[in-house]
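If you read the sequence shown in the numbering used here, its first letter stands for residue 30, the second for the next number, and so on.
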Amino acid sequence: MNTGWTLLIVAGLLEIVWAVGLKYTAGFTRLLPSAITLIAMALSIVLLARALRTIPVGTGYAVWTGIGAVGTAVIGILVLGEPRSAGRMLALLAIVGGIVGLKLASPP
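Next up, the structure:
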């Protein structure tokens with residue numbers, strides 16, 4: 030895996046951190062969760078931008094948001110007690126399939 034893809038994956042993981050972090054900021058009224066969330070947001074965007082130097086923007090952005098969406102939904106289910114329906118699981122699998130497909134269809 031090249032550096033662009035590594036940066037993109039880390040950027041996606043940081044997107045999960047900030048998306049989940051939003052739940053704990055209480056509308057950005059709690060200092061520590063707000064600081065962690067804002068730092069994760071900034072780092073995620075910076076790493077995405079660096080990854081897009083070598084990855085097509087459509088592919089990179091779709092993979093970044095896909096990692097964030099699936100990761101955040103999984104944490105919601107496993108940690109925050111959100112519903113775990115068959116429909117939600119199928120939808121998450123579809124997103125993962127799209128992410129994998131974009132990676133496989135991208136130039137090396």
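Just so it is clear, CB atoms sit at the ideal spot from N, CA and C, and this is done for glycine as well.
**OP:** Run the CB neighbour count on SER114, radius 10 Å, all protein chains shown included, and call it buried at 16 or more, exposed below.
**Re:** exposed
Original post:
DSSP three-state call for THR101: helix, strand or coil?
Top reply: helix
Original post:
Is DSSP giving SER135 helix, strand or coil here?
Top reply: coil
Original post:
In angstroms, rounded to a whole number, what distance separates the CA positions of THR88 and VAL99?
Top reply: 16 Å
**OP:** Apply the 10 Å Cβ neighbour rule to LEU119 and answer buried if 16 or more other Cβ atoms are within range, or exposed otherwise.
**Re:** exposed
Subject >> Where LEU76 falls, given that 16 or more other Cβ within 10 Å makes a residue buried >> reply: buried
**OP:** Taking ARG79 as part of the alpha helix (DSSP H), name the residues at either end of that continuous run.
**Re:** 60 to 80
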